[in-house]
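Residue numbers (my numbering): 26 to 316.
Every residue gets a Cβ at the ideal spot worked out from N, C-alpha and C, and that includes glycine.
Beneath this line is the structure, given in structure tokens, with notes to follow.
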């Protein structure tokens with residue numbers, strides 16, 4: 026996927042949301058072990074890579090999700106992280122989406138010159154249940170980041186975060202059910218409650234997928250296809266567009282980039298059925314939809 030940068034792969038499970046980790050499952054299918062942590066080769070410098078014409082493969086204004094097969098603040102990756110910070114510093118024109126279950130490590134892992142945070146970096150914490158929300162969000166609120174978000178995925182139980190949303194610091198909440206082997210149920214009542222909390226504070230809310238086991242109106246549904254899960258999430262119409270995130274992207278010299286020169290996502294015909302469209306980087310035009 027063109028919106029993912031995995032500078033390293035592999036992770037160590039640390040909470041309930043990790044019990045049936047999709048990365049572990051997919052690695053097992055490939056005959057690999059998700060606990061094997063390694064720096065990727067071709068992908069490590071992805072944000073700095075250029076195409077045959079000399080242009081960056083990642084365009085100005087694109088949003089890149091970082092470490093989707095690991096945790097950006099994983100202890101075992103401490104030796105590689107400084108170089109990734111430098112890569113993000115060199116691309117102040119690109120939005121970087123960081124996600125972690127380890128916010129307690131973040132303050133000690135920030136680069137020199139971080140200050141109140143870089144304008145192009147957003148930190149998100151995973152809050153799969155109330156326990157982890159109450160553990161991680163307070164830490165998130167105390168950290169020096171310009172952009173902050175919450176990821177309730179896998180969504181394992183009802184979560185009440187109204188008091189955190191009312192601080193005005195959280196700009197986005199994403200939620201979705203669990204997938205693959207051993208998926209635990211996601212209840213639509215939890216989703217509706219979380220959406221209502223976000224709407225009251227005008228915080229963008231995106232329901233990206235139902236998960237494999239989805240409960241609604243007292244009925245339990247089995248949806249093994251991720252595309253179907255995404256389609257059903259979109260069909261619910263429950264996602265909500267709140268206050269827009271104000272990204273202040275610049276060129277390497279620090280000059281603002283005009284909106285006319287920023288990347289504008291392209292959405293194909295099938296994108297209208299995708300639950301992630303509200304927060305998506307757009308279609309990569311790989312051609313699979315036409316086949």
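Alpha carbon of residue i to alpha carbon of residue j, nearest angstrom
i: residue 57; j: residue 260; result: 36 Å
i: residue 138; j: residue 179; result: 34 Å
i: residue 132; j: residue 297; result: 39 Å
i: residue 166; j: residue 117; result: 23 Å
i: residue 26; j: residue 309; result: The pLDDT assigned to residue 26 is 47, lower than 50, so where the model puts this residue is not dependable; a value taken from the coordinates is nonetheless given after this. Taking the straight line joining both Cα atoms gives about 7 Å.
i: residue 264; j: residue 227; result: 12 Å
i: residue 186; j: residue 218; result: 10 Å
i: residue 237; j: residue 223; result: 24 Å
i: residue 122; j: residue 89; result: 6 Å
i: residue 31; j: residue 188; result: 33 Å
Beta strand (DSSP E) segment containing residue i, residue limits
i: residue 108; result: Counting along the chain, residue 108 falls outside any beta strand (DSSP E), though it belongs to the alpha helix (DSSP H) covering 106–115.
i: residue 54; result: Premise fails: residue 54 lies in the alpha helix (DSSP H), 47–54, not in any beta strand (DSSP E).
i: residue 65; result: Segment: none, residue 65 is in no beta strand (DSSP E) and carries neither H nor E.
i: residue 198; result: 195–201
i: residue 125; result: 120–125
CB contact flag (residue i, residue j, <8 Å)
i: residue 155; j: residue 198; result: no
i: residue 300; j: residue 195; result: no
i: residue 174; j: residue 215; result: no
i: residue 171; j: residue 143; result: yes
i: residue 94; j: residue 34; result: yes
i: residue 4; j: residue 288; result: Residue 4 cannot be examined here, being either before or after the span of the chain that is shown, 26 to 316.
i: residue 164; j: residue 129; result: yes
i: residue 231; j: residue 303; result: yes
i: residue 73; j: residue 29; result: no
Where the alpha helix (DSSP H) containing residue i begins and where it ends
i: residue 223; result: 213–225
i: residue 190; result: 187–190
Cβ separation of residue i and residue j, assumed to be a contact under 8 Å, to the nearest whole Å
i: residue 176; j: residue 151; result: 5 Å
i: residue 125; j: residue 159; result: The Cβ separation is near 16 Å, so there is no contact.
Of all the beta strand (DSSP E) runs that stay within the bounds of the segment 137–172, which reach a length of 3 or more residues?
-> 146–151
Unbroken beta strand (DSSP E) runs of length 3 or more, entirely within the segment 232–272: which are they?
-> 238–241, 244–247
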